[in-house]
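Participant: Residue numbers (our numbering): 120 to 478.
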Amino acid sequence: MTARHRALVRRAPDSAGRTLVDVASVPTPDLTRGDLLVAPVVAGICGTDWQILRGDRPDPAAILGHEGLARIVAGEGAFAVGDLVTVNPTHPSDPGFLLGHNVPGLWSERTVVPASAVAAGLVLPVTETLPDPTLVGALAEPLASAMYGLEVASSVTVPKSLVVWGDGIVGRLASVLWARALPGLRVLRVSRSGAADPGLAGQLHDLPGPIAAVLVTPRSGTAGALVHLDRHIDTELLVDVHGGIDAGPLPLRCGSVDVAEVRAGNCGGEPHTPVHVTLPRPGGAPIHIVGHRGVAGRHLRAAIDLLATAPADFAPVLTHVVDLDGAAGLINDVLSRGTRDHGGRRVLKAAVRFDGAAS
Numbered sequence: 120m121t122a123r124h125r126a127l128v129r130r131a132p133d134s135a136g137r138t139l140v141d142v143a144s145v146p147t148p149d150l151t152r153g154d155l156l157v158a159p160v161v162a163g164i165c166g167t168d169w170q171i172l173r174g175d176r177p178d179p180a181a182i183l184g185h186e187g188l189a190r191i192v193a194g195e196g197a198f199a200v201g202d203l204v205t206v207n208p209t210h211p212s213d214p215g216f217l218l219g220h221n222v223p224g225l226w227s228e229r230t231v232v233p234a235s236a237v238a239a240g241l242v243l244p245v246t247e248t249l250p251d252p253t254l255v256g257a258l259a260e261p262l263a264s265a266m267y268g269l270e271v272a273s274s275v276t277v278p279k280s281l282v283v284w285g286d287g288i289v290g291r292l293a294s295v296l297w298a299r300a301l302p303g304l305r306v307l308r309v310s311r312s313g314a315a316d317p318g319l320a321g322q323l324h325d326l327p328g329p330i331a332a333v334l335v336t337p338r339s340g341t342a343g344a345l346v347h348l349d350r351h352i353d354t355e356l357l358v359d360v361h362g363g364i365d366a367g368p369l370p371l372r373c374g375s376v377d378v379a380e381v382r383a384g385n386c387g388g389e390p391h392t393p394v395h396v397t398l399p400r401p402g403g404a405p406i407h408i409v410g411h412r413g414v415a416g417r418h419l420r421a422a423i424d425l426l427a428t429a430p431a432d433f434a435p436v437l438t439h440v441v442d443l444d445g446a447a448g449l450i451n452d453v454l455s456r457g458t459r460d461h462g463g464r465r466v467l468k469a470a471v472r473f474d475g476a477a478s
């Protein structure tokens, strides 16, 4: 009899484009040479997942989940059955592998990591002495992404102020991370709809420069946020385009810039010297534009280490911890009601816990 396991499986889109989920029994795939079969222990639900579930992104994977910890169940190579690992979801040279986006992800009792991803070093061993595996499993990848953004930005300038545009998970992690790295940094957090705030222009004007801005908005809001910052900040400005942005020229004070192309220049920790553009602006100091996709193994390892040594700094972001059935209830409740509240509390970061059994 073919082995089976349980997973959160997306339904067909409803009339509003949303894909609710069901806990379903699905066949456990057979392995080909070089593949690994893993049993998730913890998987995160992130802002990108919510965009996919709402129909704002076209990612086709029936089973989402690109963040988490898992145990090795089967496969050949350097790992033994039972080893605890994390999986880097982004292959820097193979767009055909994006875990939980275009291949089945970690919202499942079993997940196959294909041989190409294993050979590329995307499966990373994790120490067994984690004080809080749930926190690490839920936050390591988004924190690693914030670390990558800080690394890229720090290669360009050292700011005195930081604007974090977007009040989701990565924005909150970035606020903490940058403040830890740059003592005395003045931090201004702006909600995703901040451009509608008539007082924002004055707040931006009062910030000491140089100013860095991390844009952690959904794709639909990134261009507007960047244009707003460019218009209202005259001092030296560095913009980290952390969230997605549509390709094509964006009109800025310096002229039209294909910001998506700049962002795509940094992927998975490469190149060693990050890509950025510095452009003069009439009536103001230069603007530096940077961005990135994915993370490198070094970022994931550094994030795990930081979460293990300073968990209290980041724990407030994790608001909900549920099992597989609870995850279906949480996701469907949020999607159906159109609110980010569940169980009387706003959903920031949710973690799905599994038993992670390797046999």
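Glycine included, C-beta positions come from ideal geometry on N, C-alpha and C. The structure presented is a predicted model; accordingly, all values stated were derived computationally and were not measured.
Alpha carbon to alpha carbon, what distance is there between Val441 and Ala470?
Facilitator: For Ala470 and Val441, the gap between their C-alpha atoms comes out near 6 Å.
Participant: Tell me the DSSP bridge mates of Arg464?
Facilitator: Answer is His461.
Participant: State the Cα-Cα distance for the pair Pro480 and Leu150, rounded to the nearest angstrom.
Facilitator: Residue 480 falls outside the range modelled here, since the chain spans only 120 to 478, and no answer is possible.
Participant: Leu156 and Val192: beta carbons closer than 7 Å?
Facilitator: yes
Participant: Would you mind giving the Cβ-Cβ distance between His324 and His347, rounded to the nearest angstrom? I have them listed as a contact below 8 Å.
Facilitator: Contact flag wrong, Cβ pair sits at about 12 Å.
Participant: Work out the CA separation of Arg338 and Ala482 for me, nearest whole Å.
Facilitator: Since the first and last residues shown for the chain are 120 and 478, residue 482 lies out of range.
Participant: Taking buried to mean at least 16 other C-beta atoms within 10 Å of its own C-beta, is Thr458 buried or exposed?
Facilitator: exposed
Participant: Got a sec, what are the start and stop residues for the beta strand (DSSP E) Arg308 sits in?
Facilitator: Arg305 to Val309
Participant: Any idea what DSSP makes of Asp452, helix, strand or coil?
Facilitator: Helix at Asp452.
Participant: For Gly328, collect the residues of the same chain with a Cβ closer than 6 Å to its Cβ; drop the 5 residues on either side in sequence, then sort them by chain order.
Facilitator: Once the five neighbours on either side are set aside, the close Cβ partners of Gly328 are Thr354 and Glu355.
Participant: Taking the CB atoms as reference points, tell me whether Leu292 and Val245 lie closer together than 7 Å.
Facilitator: no
Participant: Beta-carbon within less than 6 Å of Met120's beta-carbon, same chain only, minus the 5 sequence neighbours each way: which residues are those?
Facilitator: Bear in mind that the predicted position of Met120 carries a pLDDT of just 47, short of 50, making it too unreliable to give a figure here.
Participant: Among all the DSSP beta bridges, which residues are the ones paired with Pro393?
Facilitator: Residue pairing by DSSP leaves Pro393 without any beta bridge partner.
Participant: Here's a check: name, in chain order, each residue in its chain whose Cβ is nearer than 7 Å to the Cβ of Leu437, leaving out the five neighbours to either side.
Facilitator: Leu254, Ala257, Leu258, Lys468 and Ala470
Participant: Using a 10 Å radius around the Cβ and a threshold of 16 neighbouring Cβ atoms, would you call Pro370 buried or exposed?
Facilitator: exposed
Participant: Taking a contact to mean a Cβ-Cβ separation below 7 Å, would you say Leu183 touches Gly215 in this structure?
Facilitator: no
Participant: Based on the DSSP output, what are the partners of Val222 in its beta bridges?
Facilitator: Leu218
Participant: Mapping the DSSP letters down to three states, classify Gly402 as helix, strand or coil.
Facilitator: coil
Participant: Thinking just about the alpha-carbon of each residue, which of Gly475, Asp452 and Phe473 is nearest to the one in Arg464?
Facilitator: Asp452
Participant: Name the DSSP beta bridge partners of Ile364, please?
Facilitator: In the DSSP output, where bridge partners are listed per residue, Ile364 has none listed.
Participant: How is Leu127 classed by DSSP in three states: helix, strand or coil?
Facilitator: strand
Participant: Between Gly141 and Leu449, what straight-line distance do the alpha-carbon atoms span, to the nearest angstrom?
Facilitator: Sequence check: residue 141 is Asp here, not Gly. Cα to Cα, Asp141 sits roughly 11 Å from Leu449.
Participant: What residue range does the alpha helix (DSSP H) around Gly287 cover?
Facilitator: No alpha helix (DSSP H) contains Gly287, which DSSP labels as neither H nor E.
Participant: Can you find the residues in the same chain that come closer than 6 Å, C-beta to C-beta, to Val283, ignoring five residues on each side of it along the sequence?
Facilitator: Gly290, Ala293, Ser294, Arg308 and Val333
Participant: Over what stretch of residues does the beta strand (DSSP E) that includes Leu188 continue unbroken?
Facilitator: Membership of Leu188 in the beta strand (DSSP E) is indicated by the continuous run Gly187 to Gly194.
Participant: Which of the three DSSP states is assigned to Arg412 in this structure?
Facilitator: The answer is strand: DSSP assigns Arg412 an E or B state.
Participant: Leaving out five residues before and five after Gly413 in sequence, what residues of the same chain have Cβ atoms less than 7 Å from its Cβ?
Facilitator: Thr209, Pro211, Cys386 and Gly387
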